[in-house]
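Those sequence lines, one after another, are chains A and B.
Plus 137 on top of the position in the first sequence (first one is 1) and you've got the working numbering.
Plus 387 on top of the position in the second sequence (first one is 1) and you've got the working numbering.
Even for Gly, the Cβ is constructed at its ideal location relative to N, Cα and C.
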Amino acid sequence: SQQGEEDPQALSIQEGENATMNCSYKTSINNLQWYRQNSGRGLVHLILIRSNEREKHSGRLRVTLDTSKKSSSLLITASRAADTASYFCATGSPKTSGSRLTFGEGTQLTVNP
Amino acid sequence: DGGITQSPKYLFRKEGQNVTLSCEQNLNHDAMYWYRQDPGQGLRLIYYSQIVNDFQKGDIAEGYSVSREKKESFPLTVTSAQKNPTAFYLCATEGGTRGTDTQYFGPGTRLTVL
Chain A
138 SQQGEEDPQA LSIQEGENAT MNCSYKTSIN NLQWYRQNSG RGLVHLILIR
188 SNEREKHSGR LRVTLDTSKK SSSLLITASR AADTASYFCA TGSPKTSGSR
238 LTFGEGTQLT VNP
Chain B
388 DGGITQSPKY LFRKEGQNVT LSCEQNLNHD AMYWYRQDPG QGLRLIYYSQ
438 IVNDFQKGDI AEGYSVSREK KESFPLTVTS AQKNPTAFYL CATEGGTRGT
488 DTQYFGPGTR LTVL
């Protein structure tokens, strides 16, 4: 079953604007990760935030995690046409429950030049 | 895509045939995973292996089989028992010990049933 659910399913913005994607999950987690997938390609890891962290930055990416609401957001600032891709959140659960990543269904981001 | 290779890139299968998808890595990672992705969907876990000569079923293992005889290789066989195998197949590795750390993906194999 897919634990992570991204919102929105699709997002279209203009170059230079910020893009925000959200992810909700249901069970306790060790960490939450965001991945990017260009059409027809493999996934590329963007950022990992642990359950005891609330915010993390990497370049133009900002991730927040609210474990009380079981949700995370990914903010891409000053978007570029090259940011056009699908973005997936993935949650890692505690080892005792058979640890592995569970992926959401993704947000398709289109950045128009 | 880094040190993970998948072959072939495109694969066509006739109904009733078994086909094997290759995944090789040179990252010296212990854990390897196979995912299936349908159009517009997320990834679903087929099988995973945390160590050589050991593997576990994921969420959608029926109709698939794997082996892990070498650390570098984790081939996936799509058997004739898999009734709807047309999909994009992704192999991944993970170097941590918890199974919940960063995963590294290969470029994928697109399988089409004719």
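For a Cβ distance threshold of 8 Å, residue set Arg237 of chain A lies close to Tyr435(B), ordered along the chain. Ser161(A) has Glu142(A), Ser208(A) as its beta-bridge partners, per DSSP. Asp446(B) sits in coil when the DSSP states are folded into three classes, being neither helix nor strand. Residue-level contact by beta carbon fails for Arg173(A) and chain B, as no gap is shorter than 8 Å.
Comparing alpha carbon positions, the residue from Thr244(A), Phe240(A), Ala218(A), Glu142(A) closest to Pro250(A) is Ala218(A). The beta-carbon distance between Arg197(A) and Ile213(A), rounded to whole angstroms, is 6 Å. This is short enough to meet the 8 Å contact definition. Taking 8 Å as the cut-off, the beta carbon of Leu430(B) is found no closer than this to the beta carbon of Gly482(B). For Thr392(B), no Cβ of chain A is located within less than 8 Å of the residue's own Cβ. DSSP, reduced to helix, strand and coil, places Asp203(A) within a strand of the structure shown. Using a CB distance cut-off of 8 Å, Gly179(A) counts as an interface residue toward chain B.
Within 7 Å of the CB of Leu463(B), no CB atom of chain A is found; the nearest one sits about 15 Å away.
Residues of chain B with a Cβ closer than 9 Å to the Cβ of His182(A) are, in chain order, Thr489, Gln490, Tyr491, Phe492. For Leu408(B), no Cβ of chain A is located within less than 8 Å of the residue's own Cβ. Selection Leu246(A), Pro145(A), Gln245(A), Ser230(A) evaluated against Thr204(A) yields Ser230(A) as nearest (Cα-Cα). Closest in C-alpha terms to Asn189(A), from the list Ser149(A), Leu169(A), Arg199(A), comes Leu169(A). Chain B has no Cβ within less than 8 Å of the Cβ of Gly196(A). Per DSSP, the continuous beta strand (DSSP E) segment holding Ala474(B) begins and ends at 474-481.
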